[in-house]
Amino acid sequence: MDALQRRRLLRLSAKVFFVVLLVLYLLYILLGYFYLPGKLKSLAETEGSELLGRTVSAEAFSYNPFTFELTSQNFAIADEPEHPLLQWQQLRVNAGFWATLWNRHLVIQEIELNQPDTYIHQNEDGFNFDAIIARLTQPSDDPKPEPKAEQAESSNFAFTVLLLVINQGDALYRDSSGDVNADVNIDDLSVTFNDLYFATGDELLNPFTINAALSDGGQLSLSGEYRLQPLLFDINVNAEHLNLTEFADFLRNTINAHLTHGTLAASGQIHIAHNLDTENTTVTLKQGSIEIDELALDDDVQDPPMVRINKLGANEITLDLLERSLRIGALEYRGVRLNQWQTKDGEFRYESLLVKTGTDGNLKSDATQELAPAEQWSIVIDDFALTDSAMNFNDQHVTPAVEWQLSEVDIHAAPLHLTEPQQANVTVSALINQNTPLSIGGVLTPVPLEVDVDIDHGPLDLTVFNPYIATGLQAAIAQGTIASQTQLKLTLKPELAIDIQANSTVESFSFINSRSNSELLNVEKLAVNNAQFNIPSFNTSIDTISITQPIMTLVRDTQPNWLLLADKNGTSNKPETPEQTTAAENTSDNSDEAAGQTPPSFALNKLTVTQGELRFTDLLQSPKFVSSVNDMTLDVSGLSTTATEPTKVDLTALFNQHAPFKLQGELGLNPEHLDMEVKGNLKGLELAPMSSYSGTYIGYKISEGELNYDFDYTIDGSQLNGQNNVLAESFHLGQSVDSEQAINAPIKLGLALLRDLDGNIDLDLDISGDMQDPSFNIPGLIAKTFVNIIVKAAASPFTLLGSLVGSDDNLGEIAFASGSAQLSSDNQHKLKQLIKALNKKNNLNLVVRGNADKLQDRTALQGRRLLLELNDPNTATDITTLAAMEFDLDSELDNPQTLKSIERYYRQQTDKKLSDSIELTMQERNVDEDQARVILAEQAFKELAARLEFSERDFEQLAELRAQAIINDLTEHKLSPERINREAAYSATLTGTTVELTVAPD
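Residues 320 to 1321 (my numbering) are what the sequence shown spells out, left to right.
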């Protein structure tokens, strides 16, 4: 082929090539304009819908074959009727053909996405795109071909996006897995990326910028640079004015609280890098800061609000996920306001802030939640501060509700190591109830928790505790303050241990009975110094307790003011529920376990009471009784439940401001065996003010007298032995009082019998008893013994008088022979002894009233009168003569002349002869004639005497004669007649031949 042919062939080939190229270009234009848009729409709506399992719709696709630009209009992937999963108004992709050829990798000139809208919905079953992911990741039924060797080898891949723009993007995230639907909206999201480069095996960094606006306010911007392999991101984060209420529903699903206000600002530098050598990915945050303004958390009660925080700021935040470390340079809470309460049912408002239970995290055991040592984080807060804050707590568990306020709260702690055992210095200052300053200073170790702080508070008004007191007592604090300085040490490991050392002062304290509104206790000052308490031993020790000017006022009424227990209405004897029974059994088991443990100890080195006073008023007495114990000084030293040395007690006081009282003793406080020795005395207590009680219980007022009382007691275990000496000087009763409660006994007489020559009553009263006996009562036992002595003395006065002269005879009984008024020698001796005894009791008078026996004395008087008439019918036979004569019938019958007189007088009176009955009497009695004659004469004498009559007046006269005989003998032996009171004898009072003397007080 020659050159000409070759040129023709080349020209023809060129023409064919350009024609083919033109045809292909025309075909490319035709396909780009007319075929490709429709095909893409069909593929998206059919195969796309089948692949995703969702309806895919696209309004239109267009392609510009000249600019290599592909556009999609109104594309959507359906989900819910009102919310498609993904949609956009326009997507425009401009491929860089020539740049791709030049750079030998894919270059996209521009990607522009306008008005995209994304919807993500999470419910209890998962996310709304889970099904799509499952379909995309489902393995195909077709067997996969074996990869070729060259395909198995990794190859680098890269592409570049010169400009990526997202305009006016919207995103909605909805969480309906909780109690309420939680939505987060991102509106007007605008993102611009320049020169995005994605490649494997390339270290080129690509800058990017993302700006977004949230629907409820706030701006979010991300800027920095990145690469994909090896992974590296350097991101600057900045958020401003983010409205936290956007996340309120999410918070609501976590806690029972509403986030009603708050804005967030945050910034920081995030660095993410993957190290190919170690295969570790480093994630760090530097220069981080978070600031939350005007944060408001509320529950269903709007007033008062639950939580308000004016500002919460965290600065200089550094985070390293690989090293598991978080450090916050400064964490500050400013203007925190908490309003909390406890309801009547014991529920606390702060429970709304607790994480809801029921999640897996809440159900995990402590063991599973604890991190292994290798996984332990390091969390440090260099400076923590809470300033200008306040807390209000309303305790509705008592009535009326108590308002507690903590204001002007400032807390500083630095540095706080939350995961390592490092100490932090802590200071706290605040005002309690707007008046009481509180300060706390010391060190705190968060992990494991250890606290060593000094706690000081100024005078705190004690009346705030009245509603708590009212739950169990009908009492209230009228006034008073308490101030304390306390050192607290607390540790949790190896076990809970608490050591408290405190000094407290109570001033101007007044405690009243709220039922009667009467004062019960007033204390000018109470100081407790160096009180120490420990847990778990529960041992308590106190150096000194000093009480100044305590005044206790006791009022006895129908309801004494010292009975303070509240009347708990509604308590009943209902059967125990199974839960109560189980609780009681558990308590019993715990008690059994505790029985083998060492009981807590208590020690008080010294207790002093100065200028004490006890006031007592008994309104049940008429007139009311008023008494007092004044100028009381008490010293107690060495009080301890474990000490081997006894506790010493020294008490001095004045009774009713004039009578000194003193007590000294030693106590052994062994809980298994009580030992005590105590002695003391009371001198010169005026008894006249006790007339109110004496009138009620013994029926007399006290006109005068002073009491001196000495006592000496010992206690050995439960056995008490006491020696009491009661000396009542010049003690005399006054006028009588009509009282139904008065003892029915001659009290005045008893007292008169007990008085000595000086007019004093001096008694030794020894008592003993078992204190475990429920009826044992020391004052009651002394009073009972004293009254018994008085009653016994009054009931047997002559026994007491006989004891004064060493006589065992009853000096008050003078026995006379029947019909006689003559004193025997024995009776004369008794009367002499009686005179001696009465001379020792100058305050006693003798009462004499004669006595006679109408039966015995009648027979004797009849015989005496008959005998006189037998001897001389003209002789006087009056009672005086009869009572003075000697008469013995047996002796008279031995006189033959008397026998003849009886026989003659009998024949005169009966017209019978006694001699006619002698033989019969001899036979019946088996006696001789002389004996029979005497027997018959005796019978005749008695028969004749029985016919003689005596009047009631005769017996009264005989009684008077006997009384006079006694009086004459007494006066003859120098007993003053002024001390003898004679009472007339009446027939109705005559009881026998013995005259029973009585005594009466002067």
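Think of the CB as a built atom: it goes at the ideal place given N, C-alpha and C, for glycine as much as any other residue.
It should be emphasised that the depicted structure is a prediction, and the values quoted were computed from it without experimental measurement.
Taking only the alpha-carbon atoms, compute the straight-line gap between residue i and residue j and give it to the nearest angstrom.
i: residue 1315; j: residue 1053; result: 28 Å
i: residue 1041; j: residue 996; result: 10 Å
i: residue 732; j: residue 829; result: 40 Å
i: residue 1200; j: residue 1057; result: 48 Å
i: residue 921; j: residue 1005; result: 41 Å
i: residue 794; j: residue 716; result: 18 Å
i: residue 1178; j: residue 1088; result: 57 Å
i: residue 595; j: residue 602; result: 15 Å
i: residue 444; j: residue 345; result: 53 Å
i: residue 382; j: residue 646; result: 54 Å
i: residue 846; j: residue 950; result: 19 Å
i: residue 373; j: residue 488; result: 22 Å
i: residue 606; j: residue 810; result: 35 Å
i: residue 662; j: residue 452; result: 50 Å
i: residue 1320; j: residue 833; result: 50 Å
i: residue 866; j: residue 730; result: 36 Å
i: residue 527; j: residue 554; result: 9 Å
i: residue 967; j: residue 955; result: 6 Å
i: residue 1232; j: residue 1268; result: 24 Å
i: residue 1152; j: residue 1137; result: 24 Å
Which word fits residue i, buried or exposed, when buried means at least 16 other C-beta atoms lie within 10 angstroms of its C-beta?
i: residue 348; result: exposed
i: residue 360; result: buried
i: residue 330; result: exposed
i: residue 324; result: exposed
i: residue 1062; result: exposed
i: residue 1275; result: buried
i: residue 565; result: buried
i: residue 787; result: exposed
i: residue 333; result: exposed
i: residue 454; result: exposed
i: residue 1122; result: exposed
i: residue 801; result: buried
Less than 8 Å between the C-beta atoms of residue i and residue j, yes or no?
i: residue 636; j: residue 652; result: no
i: residue 958; j: residue 1318; result: no
i: residue 1285; j: residue 1167; result: yes
i: residue 851; j: residue 819; result: yes
i: residue 1307; j: residue 1279; result: no
i: residue 822; j: residue 803; result: yes
i: residue 1029; j: residue 989; result: no
i: residue 1265; j: residue 1181; result: yes
i: residue 592; j: residue 539; result: no
Would you kindly report the start and end of the unbroken beta strand (DSSP E) that includes residue i?
i: residue 756; result: 755-764
i: residue 1143; result: Neither: residue 1143 is in no beta strand (DSSP E) and is coded neither H nor E.
i: residue 1012; result: Premise fails: residue 1012 lies in the alpha helix (DSSP H), 1010-1016, not in any beta strand (DSSP E).
i: residue 984; result: 978-987
i: residue 561; result: 551-562
i: residue 1038; result: 1038-1055
i: residue 819; result: 816-832
i: residue 999; result: 994-1005
Could you check where the alpha helix (DSSP H) with residue i kicks off and where it finishes?
i: residue 1243; result: 1237-1244
i: residue 1253; result: 1248-1264
i: residue 1288; result: 1271-1291
i: residue 1305; result: It is not in any alpha helix (DSSP H) - residue 1305 carries neither H nor E in the DSSP assignment.
i: residue 1138; result: Where residue 1138 is concerned, there is no enclosing alpha helix (DSSP H), given that its DSSP letter is neither H nor E.
i: residue 656; result: Careful: residue 656 lies outside any alpha helix (DSSP H), inside the beta strand (DSSP E) at 644-661.
i: residue 1190; result: 1175-1190
i: residue 1229; result: 1215-1229
i: residue 1172; result: Counting along the chain, residue 1172 falls outside any alpha helix (DSSP H), and DSSP gives it neither H nor E.
If residue i sits next to residue j, beta carbons under 8 Å apart, how far is it from one beta carbon to the other, in whole angstroms?
i: residue 1079; j: residue 1059; result: Residue 1079 to residue 1059, Cβ: 31 Å. No contact.
i: residue 632; j: residue 613; result: At roughly 13 Å, the Cβ-Cβ gap does not stay under 8 Å, so residue 632 and residue 613 are not in contact.
i: residue 1332; j: residue 791; result: The structure shown has nothing for residue 1332, since the chain only spans 320 to 1321.
i: residue 406; j: residue 436; result: 5 Å
i: residue 1023; j: residue 1003; result: Actually they do not touch by this definition, with Cβ atoms about 13 Å apart.
i: residue 1189; j: residue 1217; result: 7 Å
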